[in-house]
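Below you'll find the structure, written out as structure tokens, and then a few comments.
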Amino acid sequence: SSAYPFTEIEAKWQEYWLRNKTFRTPDLAELDTSKPKAYILDMFPYPSGAGLHVGHPAGYTATDILARLRRMQGYNVLHPIGWDAFGLPAEQYAIQTGTHPRVTTEKNIDRFRQQLQSLGFSYDWDREVSTTSPEYYKWTQWIFCQLFKRGLAYQAEVPVNWCPALGTVLANEEVIDGKSERGDHPVVRLPMKQWMLRITAYADRLLEDLETLDWPDSIKDMQRNWIGRSEGATIQFAVHGGEGGSVGEGASLEVFTTRPDTIFGATYMVIAPEHPLLEGLASSAQQAAVQQYVAEAANKSDLERTELQKVKSGVDTGSFAINPATGERVPIWVADYVLGSYGSGAIMAVPAHDTRDHEFAQQYGLPIVQVVQGHGAEAEQQIPFTGKGVAVSSSSEAEELRLDGLGTEEAAAAVVRWLQEKGLGSAQTNYKLRDWLFARQRYWGEPFPIVFEDGSDEPQAVPESELPLVLPETDNFKPSGSPESPLANISDWVSFTDPETGKRYRRETSTMPQWAGSCWYYLRYLQPWNTERPVDPEVEKYWLPVDLYVGGAEHAVLHLLYARFWHKVLYDIGVVTRKEPFQSLVSQGMILGEVEYTVYRDQDGNYVDEGHPSASPSRIEEAEVEKKGSGYVLREQPSVRVSSRAHKMSKSRGNVVNPDDVVTMYGADSLRLYEMFMGPLRDTKVWSTNQVEGVHRFLARSFRLVTGDNVTEDEPSKDQLRSLHIAIKRATEETEQMRFNTGISALMEFVNAAYKWDAVPKSALRPFVLLLAPYAPHLAEELWQVLGQEDTLAYAPWPAFDEKLLISDTFNLPIQVNGKLRGTVEVAKDIAQEEAEAIGREQEGVAKFLNGKDIKKTIFVPGRILNFIVGK
Ligand code: ANZ
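Following the UniProt record's numbering, the numbering of the sequence shown begins with 12 at its first residue and continues without gaps.
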């Protein structure tokens, strides 16, 4: 049988670890700081009502393996966990059912904690934090106060995404195609006074310090693109208002361009629909058309206006600008492919060298003038030509600007110099990054520690001594239907009198976004019990930066950028001493559901290919299919092709695997081992319950190997030692490099080898059990005990390997007949001639040539070669 008593073993050790606080990391004062440290961090979960998903243990097992390895290697390890527990779902549940979000959240946290403990993760439970506890959010509020004091938190009138159905303002990333991501409700843009964080002030540092991090290039790139630094120039274009418009004399339109060198090719201008100058620019003839266009654009998101837009649209304003390089009049259009929120909200359009401008010019018959010529083969390039090259048709005697023959960079620099002399513009760096909209009109979040004196709109920070500002109790979670949070309904909380001064105040009623708590939790883990400050500086100095941070790629941009921003602010005010929080980052791949097999039939029920016009799909079972070449066919009818595909796990698809079920069936160690054996951590992988059985059998074999009755106290043989030391070397290297799947293979090979031994020496099993421990810790602890050890193995020294023992005592002996190689055979290095001859003669390839022949002589060079000399 393949079974081993995993249920008892796992319960026993989970209880042992918790009772003994095996993985508690003492506070700094009690720590031997001469040891190296490893801060190994998971992205903490949002405790949803659905419980843990098999995607969670993928990353959590990886970090757990590293944490366990490092403890055994003598590091001080910090491996904490907590809950990112504010947020919309608990509040929406409260609106539907009346259950307080705190109640839902606590219940979910209890379930998550129990699930994580049932997987044997070696967290220090004494450091558990929840973003929703007042002891925690006291410091979230405190950090907000520091931002506020430094002018990094401010209120601004900004267009927000107001979702009437949810009764809240949403962040841009929560809006998809003009609908709320959650619930698919319509979203409108509305100007509102909002709290903003000035992350743009840190754009350069957020960009530059990426260079110092050991992160995947793809994630660094995503951050770079999000920050979107671009260098160029601003240029003032004089405006001539159209008939009946209201622009005054001397008005000008400022544009931002990354290609000032193309100024001679600017044949029209475009202004964004929300640009303040637009109203005055519209001539009487164009007024109505412009107004209608602006109204339509107001309902589109930036994404719809740019990336998603297939056909460009726009309207002529009837006004003109003067191109300062050519002196010519160019028309000013309004078009929504120019965004009000970027650069100056207006552009000089260069249709010969910009793809969007080219499309637009073709659509509306606007002139296209080439002013850059590519090099060499590129010279015959198509228009639009967006590359670098040499300026052509780009000189004006009258304006004293001569660019012809200059390379793109030189030409751009010449234009900037010329602009500066004329007072028409200057060099300018722009960022895509916007300040961070930091307020939500919700109940279940951190209250802002901000008050306003009655009759004033001037925000004041609550004194630090009054923190935490506790979220008030209510049973009314319904959005008010206005862009205000449910907190606004709790009038005796909102308005209060200062007992000392008698002054009346009202409180800020919006709450912080869910991102707030996750911006700094890695710091709080260092000293969650500290009531004086977020963390003691000495403690921070010892533990930071995080040595390994593992989580999903969905947090590649916002969470990591926001946390880095807060960290830099904390650095500037002396709370932390390192510029970056997360030195090394690994993003885990997604785990897709089981492969689904599908056949296709036409109306008459005949099998057809997937691409057939009347193909309709039907799902079939794995048992009905057979692998053929690179694909699958029907077992019964191998001419019918079966398509196979894996999909993201989702409730609606019904392909979600519940980790609890796997634990019940096969045990936590099997789940852990399987998720690591599936493939490289970073890759996308496909779930297969069948394969869980495979690793489960390996664990059962390991159990039987160690508990078997051929285990002896004898010394291991050289061969046995060699198998063991190969396993130590490979398991060590692969585990350290986080190549867990190949690390597991090394363990499997050892077990396979040991199964062939007549007697299995305990002294070879002990190191093996230690190697197994990071992967299958429950089983390893149990076997450690079986082998006569008393304490937990959590801090037992990691086995070392001896290079000398890795070297094989055998070699491949080449066997020749009359000087020609006819075969090789693996033999002991010190094999005697007689034995070598006997073995050599029997080798298939050799025997053929010796058959019926007379061996005249045998040449044997020990450790090198065997050569039979035969007669005709
Ligand atoms: C003239 C030009 C000629 C441009 C050329 C490009 C190529 P990034 O890299 O994104 O910063 N632009 C400026 N402001 C804009 C806005 N608010 N909405 C849409 N587009 C805007 O790109 C900057 C370029 O995007 C600018 O350079 C401008 O077009 C356009 F051969 O100016 B360019």
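Every residue gets a Cβ at the ideal spot worked out from N, C-alpha and C, and that includes glycine. Model, not experiment: these values are computed from the prediction.
Check	Outcome
How far does the alpha helix (DSSP H) with Thr115 in it reach, from first residue to last?	Pro112 to Gln128
Under three-state DSSP, which class holds Arg777?	helix
Apart from the five residues on each side of it in sequence, which residues of its chain come closer than 7 angstroms, Cβ to Cβ, to Ala764?	Ser734
CB-CB under 8 angstroms to Asp446, same chain, minus the five flanking residues each way: which ones, in chain order?	Ala167, Met207, Leu208, Arg209, Ile210 and Thr211
Residues in the same chain with beta-carbon distance under 7 angstroms from Ser263, minus the five sequence neighbours each way, listed in chain order, please.	Gln247, Phe248, Ala249 and Val250
Rounding to the nearest angstrom, what Cα-Cα distance links Ser129 and Arg30 in this structure?	14 angstroms
Return the first residue and the last residue of the beta strand (DSSP E) that Trp344 is part of.	Arg340 to Ala346
Starting from the Cα of Ala61, find the closest Cα among Ala805, Leu534 and Ser661 and give me that residue.	Ser661
Going along the chain, which residues of its own chain have a beta-carbon closer than 7 angstroms to the beta-carbon of Ser12, five neighbours each way excluded?	Because the pLDDT of Ser12 is 43, which lies under 50, any placement of that residue in the model is unreliable, and the number read from its coordinates should be weighed accordingly. Correct list: empty, nothing qualifies.
Exposed or buried, what is Ser598 when buried is set at 16 or more other beta-carbons lying within 10 Å of its beta-carbon?	buried
Give me the Cβ distance between Met759 and Phe709, rounded to the nearest whole Å; I'm assuming they're in contact under 8 angstroms.	6 angstroms
Measuring straight from C-alpha to C-alpha, what distance separates Thr588 and Pro548?	8 angstroms
Please return the same chain residues whose Cβ sits closer than 6 angstroms to the Cβ of Glu518, not counting the five positions on each side in sequence.	Inspection of the sequence shows that residue 518 is occupied by Arg rather than by Glu. Answer for Arg518: Val462 and Val505, listed in chain order.
Could you have a look at Ser12 and say whether DSSP puts it in helix, strand or coil?	Per-residue confidence for Ser12 stands at a pLDDT of 43, beneath the threshold of 50, marking its modelled position as unreliable; the derived number appears in the next sentence. If DSSP states are grouped into helix, strand and coil, Ser12 belongs with coil.
Let's see if you can read the secondary structure: which residues bound the beta strand (DSSP E) around Met207?	Val199 to Leu208
Compare the beta carbon distance of Phe593 and Pro545 with 9 angstroms and say whether it is the shorter of the two.	no
Helix, strand or coil for Phe173 per DSSP?	The question names Phe, but residue 173 is Trp in the sequence shown. In the structure shown, Trp173 sits in a strand (DSSP, three-state: E or B).
Mapping DSSP to helix, strand and coil, what is Glu19?	helix
By Cβ distance, which residues of its chain are closer than 8 angstroms to Ala858, with the 5 residues on each side in sequence left out?	Arg852
Give a yes or no on whether the minimum CB-CB distance between Ala293 and chain D is below 9 angstroms.	The structure shown contains no chain D; it holds only a single protein chain.
For residue 11, which residues in the same chain have their Cβ closer than 6 angstroms to its Cβ, ignoring the five residues on either side in sequence?	Because the chain is modelled from 12 through 883, residue 11 falls outside the range shown and cannot be assessed.
So, with DSSP's three-state summary, where would you put Tyr86?	coil
Apart from the five residues just before and just after Ile92, which ones in its own chain have a Cβ nearer than 7 angstroms to its Cβ?	Asp53, Phe55, Leu127, Tyr134 and Glu139
Any idea what DSSP makes of Phe275, helix, strand or coil?	helix
For His251, name the three-state secondary structure that DSSP assigns.	strand
Residue 885 and Glu242 look like a contact to me (Cβ under 8 angstroms); what is the Cβ gap, rounded to whole Å?	Not covered by the structure: residue 885. The range shown for the chain is 12 to 883.
Tell me whether Gly882 is buried or exposed, calling it buried when 16 or more other Cβ atoms sit within 10 Å of its Cβ.	exposed
My output table needs one value for Asn441: the three-state DSSP class, helix, strand or coil.	strand
Residue ranges of each beta strand (DSSP E) run of no fewer than 3 residues wholly in the region 612-672, ordered along the chain?	627-631, 636-639, 642-645 and 652-656
For my contact list, Ala73 and Met687 are in at a C-beta cut-off of 8 angstroms; report their separation, rounded to the angstrom.	7 angstroms
Just the C-alpha distance for Leu571 and Ala372, rounded to the nearest angstrom, thanks.	40 angstroms
Would Pro479 and Pro490 be called neighbours here (beta carbons separated by less than 9 angstroms)?	no
Could you pull out every unbroken beta strand (DSSP E) segment of at least 3 residues lying fully inside the region 407-443, listed in chain order?	436-441
For a test of your reading of the model: does the CB of Arg349 fall under 8 angstroms from any non-hydrogen atom of the ligand ANZ? Yes or no.	A small correction: the amino acid at residue 349 is Val; Arg does not occupy that position in the sequence shown. Yes - the ligand ANZ has a heavy atom lying nearer than 8 angstroms to the Cβ of Val349.
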